[in-house]
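A.B. asks: Below is a structure I'd like to ask you about.
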Amino acid sequence: MFPFLRLPFLCIQDVTDMWDIDELYHFSLLSKKAKRISKRRKENDLEVYLNMYFCVLTIRRNGEDVCRMVYKQKKFLFNREEIPSFDPDFSSFFQLTQHFLDVFNCCLQQIDFKLKRRLTENHLIEIINWLNNSKTEIRGVVIKGATWSMLELYMNRFRKTIRQLYFNDKKFKNEGGYICKSVNFGIKDSFLSLHNSPWFHLDCILNLNCEQISGNKLNFTAEDLNVFLRSWQEGKTNREAKQVVLSTSSPRDVKEVLKGCGGELMDPRTNKLKFRILRQNKYEDIWIRGGIYIRRNDGCLAVMQTNSYRPYTEDEDVSEEQVEVYLKYRDNWNSENSHDQLNETFFSFYIF
58 MFPFLRLPFL
68 CIQDVTDMWD
78 IDELYHFSLL
88 SKKAKRISKR
98 RKENDLEVYL
108 NMYFCVLTIR
118 RNGEDVCRMV
128 YKQKKFLFNR
138 EEIPSFDPDF
148 SSFFQLTQHF
158 LDVFNCCLQQ
168 IDFKLKRRLT
178 ENHLIEIINW
188 LNNSKTEIRG
198 VVIKGATWSM
208 LELYMNRFRK
218 TIRQLYFNDK
228 KFKNEGGYIC
238 KSVNFGIKDS
248 FLSLHNSPWF
258 HLDCILNLNC
268 EQISGNKLNF
278 TAEDLNVFLR
288 SWQEGKTNRE
298 AKQVVLSTSS
308 PRDVKEVLKG
318 CGGELMDPRT
328 NKLKFRILRQ
338 NKYEDIWIRG
348 GIYIRRNDGC
358 LAVMQTNSYR
368 PYTEDEDVSE
378 EQVEVYLKYR
388 DNWNSENSHD
398 QLNETFFSFY
408 IF
C-alpha cells in the first residue's frame, strides 16, 4: 500500500481537500494522525441534521442535501437506500457522531425527536446525558411526537443552551396537570408549540427569555394573560421577547386581559409600524396595522393584536374586516356602561 501518511503535510492536505465527505470521514477513522489531518480541511461549512429516532444524519450545505448517513451495525452507511432501523445500543452511535462533528467542525443544526414507542426512558436519559456533556453547539430541537412522561423527562433533564425549541405533535395526549413550570435550559431565539399545549404552565412563559414565544390552545384564563402582560410591562420578565403569540382553548375577554395595563386602541387605517419577524432562521419585514398599544415602564412599545388581525406588506391596504373589528372595539372601548365582552382566543404581541 502506498505510504500516504508519510507524504509532506501540504501534499496530504491538497489531496484530502479534494475528497468527498464519506472519503474524508473514513480516512479520519484510521488513526489519530489521520483525524488531525482531516480536521484541517478548508471551508467546512456543513450543516448536520440529526434524526434521533432512527439514528440518521443528514448533511447539508447552503440548504441543499449533500449526503445521508444511516447508522447500522455500529457504523455509518453513506447514501444507501437503507431503511433505518432502531438500534438501542447508542454508545457507538454517540462516539461516531461526535467524531464526525469534530472532524468537520460542525454544530448540530437540528435534532429531531420522537419521544415515544421504541424509545424508553432509559434511552432518553442516555441521549440527554450525551447532549448535555457534548461541547458541540446545538441550534434547534424539534419534538415531533411524545408521551406525557417522556416529554416531562426531556424538559426536566435537558440542560444544553439552544437557539430554538419546536414542539409539533398534533396527537399529543393530555394527561392532566402541567409538565413543567420552568425551562431548565437556555433558549436564545424561539420557543414554539404549534398544537395543543395544555402542559404549558404560565410560569413556563414567565421564565422564558427568548425572542419568539408561541403556545397554542393554552389553558390560560384572562387573569393568567393579564399576569403575563403586567409582568412584562413592569420589566420583570420576558425582556428579550420580540414576538409572543398565545392562543387559548376558549375565548377570553380582552378587557380582562388588559386590566390595569393602560392599553390604547389604534385605528388600523392611520397607524402602522414596521416589524422584523423571525421566520425559519431568517428575518422578514412586515407591517402591523392598528392594534392595542401597551407601554413597558421603560417606554418600550408592545402592540397587541387579536383574531381578526394579520400582518401586511408596506403598501397593502388595510382589510375591510379589520376596520369593522376596530369600529366594534372602539364602540365598546369608549362606552363606560358597556358590559359586552370582547371575547378572543388569539393574542399576539409585537414588541418594538
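The sequence shown lines up with residues 58 to 409 when you count with this note's numbering.
Even glycine gets a Cβ: it sits at the ideal position worked out from N, Cα and C.
Quick caveat: nothing in here was measured; it's all calculated off a predicted structure.
Can you tell me whether Asp226 is buried or exposed? The criterion is at least 16 other CB atoms within 10 Å of its CB, across all chains shown.
C.D. replies: buried
A.B. asks: Can you grab the Cα-Cα spacing for the pair Asn364 / Ser95, in whole Å?
C.D. replies: 54 Å
A.B. asks: What's the gap between the Cα of Asp388 and the Cα of Glu291?
C.D. replies: 29 Å
A.B. asks: Look at Asp169 and Tyr110 and say whether their C-beta atoms are less than 8 Å apart.
C.D. replies: yes
A.B. asks: Report the CB separation of Val127 from Val113 in whole angstroms; it is logged as a contact under 8 Å.
C.D. replies: 5 Å
A.B. asks: Considering Cα atoms alone, identify which of Arg196, Leu210, Trp205 is closest to Ile184.
C.D. replies: Leu210
A.B. asks: Tell whether a beta-carbon distance below 8 Å holds between Phe224 and Leu263.
C.D. replies: no
A.B. asks: Rounded to whole angstroms, what's the CA-CA distance from Phe61 to Val123? Just pull it up for me.
C.D. replies: 27 Å
A.B. asks: Helix, strand or coil, according to DSSP, for Cys68 in the structure here?
C.D. replies: Cys68: helix per DSSP, three-state reduction.
A.B. asks: Candidates Met361, Lys331, Tyr383, Tyr386: which alpha carbon is nearest Tyr369's?
C.D. replies: Lys331
A.B. asks: Using DSSP with H/G/I as helix, E/B as strand and the rest coil, what is Glu321?
C.D. replies: strand
A.B. asks: Would you list the residues sitting across from Trp256 in a DSSP beta bridge?
C.D. replies: BP columns for Trp256 are empty, so no partner.
A.B. asks: Can you tell me which residues form a DSSP beta bridge with Met361?
C.D. replies: Under DSSP, Met361 shares a beta bridge with Ile349, Phe406.
A.B. asks: Have a look at Asn101 and Ala203 and give me their C-alpha separation to the nearest angstrom.
C.D. replies: 34 Å
A.B. asks: Going by C-alpha distance, which of Arg367, Met75, Lys173 is nearest Trp205?
C.D. replies: Lys173
A.B. asks: Please identify the residue among Thr294, Phe133, Arg346, Cys261 whose C-alpha is closest to the C-alpha of Glu80.
C.D. replies: It is Phe133 whose Cα lies nearest to the Cα of Glu80.
A.B. asks: In or out: Glu121 buried (at least 16 other Cβ within 10 Å) or exposed?
C.D. replies: When all chains shown are included, Glu121 counts as exposed.
A.B. asks: Going by beta carbon distance, what residues of the same chain come within less than 6 Å of Gln221, once the five residues before and after it are set aside?
C.D. replies: Gly197, Asp246, Ser247
A.B. asks: Output needed for Gln166: all residues of its chain with C-beta closer than 7 Å, excluding positions within five of it in sequence on either side, in chain order.
C.D. replies: Glu104, Val105, Tyr106, Arg196, Gly197
A.B. asks: Label Lys131 either buried or exposed according to how many other C-beta atoms from any shown protein chain fall within 10 Å of its C-beta, with 16 as the threshold for buried.
C.D. replies: exposed
A.B. asks: Identify which residue in Ile345, Lys228, Phe242 has its Cα closest to the Cα of Thr416.
C.D. replies: Outside the shown range of the chain, which is 58 to 409, sits residue 416, and nothing can be said about it.
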